[in-house]
Amino acid sequence: MNVRDTAKKPYGICPASMTIWNADQTYNKKGMEKYLTWMLDNGAHSISICGSTGENVAMNMEEQREIIGHVASFLGGQVPLIAGTGRYDTLNTIKMSQYAAEVGCDGVMVILPYYLSPHKKAVMQHFRDIRAAIDIRMMIYNNPWFAGYEMTVPEIIELVEDGTIQDIKAAHGDPDRVHKLKFYLGDKLNVFYGHDYCAAEALLVGEADGWLSGYPAVLTKQCRAIYDAAKAGDVQGTIKAQQNIQPYIDYFFNDKVNGVPHWQEICKYTLQAQGLDVGWPRKPLGELDDANKKKIEKLLADMD
């Protein structure tokens, strides 16, 4: 099935948006609207919802439809909107993807079928079956950390050449993934750097078309500064913008005791510390301890 002309191409700073919950862990529509507005006001070019940062694994399909429908209606086509619809099984991924298309999303982001780790022949057919059922863009969410394996460059080339996918979130972290894909596919594939710590390299050297991960969802303004400098070819400006968030990166990935704090908890408090009432992740995760709250507050205070 061809992609319809009205499906807008995602680009630039594309936050992997968090999902805002009430204190009773139900969906907080008003909180989500304020958060979406904040990201757009701080420089987001596109929006992604119901991905890993959005806790898609913590919601059932009815809740996921509610969130996708609400956000699509609220944004009303202002910017390209990508909805995470990937589940393990093809049937329910198709159902969720078709719903996303019906309510006006421009594309779907589909993670590799996870947990049971199907063989590659089945995975390739999974994406082709989804393409046959929808007429909006499809982004393959190439995340070996969460799926347990990764699609190779030749496999991605095959899916692009037969029209199955139009976009990719390269979530491994190594900018080389971006560099190789752009070298072999160029403008045939819209490539997003999909991790948090090497976006400057991916944008400046790897020629990434955008940045889709958790940092743009909590440090939108700072990530936009990295993107703008890189796209302008300003090497020193890119380095400066990267160094602005480097202490936060070091804290985020390295300052842990027995895995505490979790990145979801850090992200939620990073938003809270900037004045957004976003609550906490759904259990089993929860509230950040006071010592880590103070560390985040200090890191944000030291940023430009």
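Going by our numbering, the sequence shown runs without a break in its numbering and finishes at 700. From the three backbone atoms N, C-alpha and C, an ideal C-beta is built for every residue, glycine too. Given the structure is predicted, the values throughout are model-derived calculations rather than measurements.
| task | Classify Asn586 as helix, strand or coil using the three-state DSSP reduction. | result | Strand at Asn586.
| query | Measuring CA to CA, which of Tyr611, Met534, Pro643, Tyr623 is closest to Leu667? | reply | Of the listed residues, the one whose Cα sits closest to Leu667 is Tyr611.
| field | Start-end ranges of the alpha helix (DSSP H) lying completely within the region 444-494, minimum 4 residues | value | With a minimum length of 4 residues, the continuous alpha helix (DSSP H) runs that stay inside the region 444-494 are 457-471.
| message | Residues in the same chain with beta-carbon distance under 6 Å from Gln474, minus the five sequence neighbours each way, listed in chain order, please. | response | Counting only Cβ-Cβ distances below 6 Å, and skipping sequence neighbours, we find nothing.
| Could you give the distance in angstroms between the alpha-carbon of Ser413 and the alpha-carbon of Thr449? | Computed Cα separation, rounded: 6 Å.
| said: Could you check whether Ala543 and Tyr510 sit closer than 9 Å to each other, using their CB atoms as the reference points? | reply: Going by C-beta atoms, Tyr510 is nearer than 9 Å to Ala543.
| Smallest Cα separation from Trp676: which of Ile409, Ile530, Tyr407, Thr415? | Selection Ile409, Ile530, Tyr407, Thr415 evaluated against Trp676 yields Thr415 as nearest (Cα-Cα).
| request: Go through its chain and collect everything with a Cβ distance to Glu546's Cβ below 7 Å, but skip five positions before and after it. | output: Around Glu546, the same chain offers Asn538, Pro540, His568 as residues with beta carbons nearer than 7 Å, after the five sequence neighbours per side are excluded.
| request: Taking Phe588 as the reference, give the member of Ala596, Tyr580, Val574 with the closest Cα. | output: In this structure, Val574 is the residue among Ala596, Tyr580, Val574 with its C-alpha nearest to the C-alpha of Phe588.
| DSSP on Lys517, reduced to helix/strand/coil? | Of the three classes helix, strand and coil, the one that applies to Lys517 here is helix, per DSSP.
| message | Could you check whether the Cβ of Gln562 sits closer than 9 Å to any Cβ belonging to chain D? | response | Within the model displayed, chain D is absent; a lone protein chain is all it includes.
| query | What is the DSSP secondary structure of Trp607, reduced to helix, strand or coil? | reply | DSSP places Trp607 in strand when its eight states are reduced to three.
| Is Val506 helix, strand or coil when you go by DSSP? | Val506 falls in the strand class under three-state DSSP.
| field | 9 Å Cβ cutoff met for Cys446 and Ala479 | value | A distance below 9 Å separates the beta carbons of Cys446 and Ala479.
| task | Report the three-state DSSP secondary structure of Met414 (helix, strand or coil). | result | Residue state, collapsed to three classes: coil.
| Per DSSP, what kind of secondary structure is Arg573 in: helix, strand or coil? | Three-state DSSP puts Arg573 in a helix.
| field | Straight-line gap, Glu451 to Asn398 (C-alpha atoms, nearest Å) | value | Counting only the Cα atoms, Asn398 lies some 30 Å from Glu451.
| request: Tell me, please, whether the region 548-565 touches the region 522-538 by the rule of three or more beta-carbon pairs shorter than 8 Å. | output: Taking 8 Å as the limit for Cβ pairs, the verdict is that the region 522-538 does touch the region 548-565.
| Under the three-state reduction of DSSP, which class applies to Val499: helix, strand or coil? | Reduced to three states, the DSSP call for Val499 is coil.
| said: I'd like to confirm the pairing. Which residues does DSSP put opposite Tyr537 in its beta bridges? | reply: DSSP lists Ile507, Lys565 as partners of Tyr537.
| task | For my contact list, Tyr407 and Gly633 are in at a C-beta cut-off of 8 Å; report their separation, rounded to the angstrom. | result | Not a contact, Cβ separation roughly 20 Å.
| Do you know how far the Cα of Ala637 is from the Cα of Ala697? | Taking the straight line joining both Cα atoms gives about 15 Å.
| task | Note the first and the last residue of the continuous alpha helix (DSSP H) segment covering Lys627. | result | Counting along the chain, Lys627 sits inside the alpha helix (DSSP H) bounded by residues 616-627.
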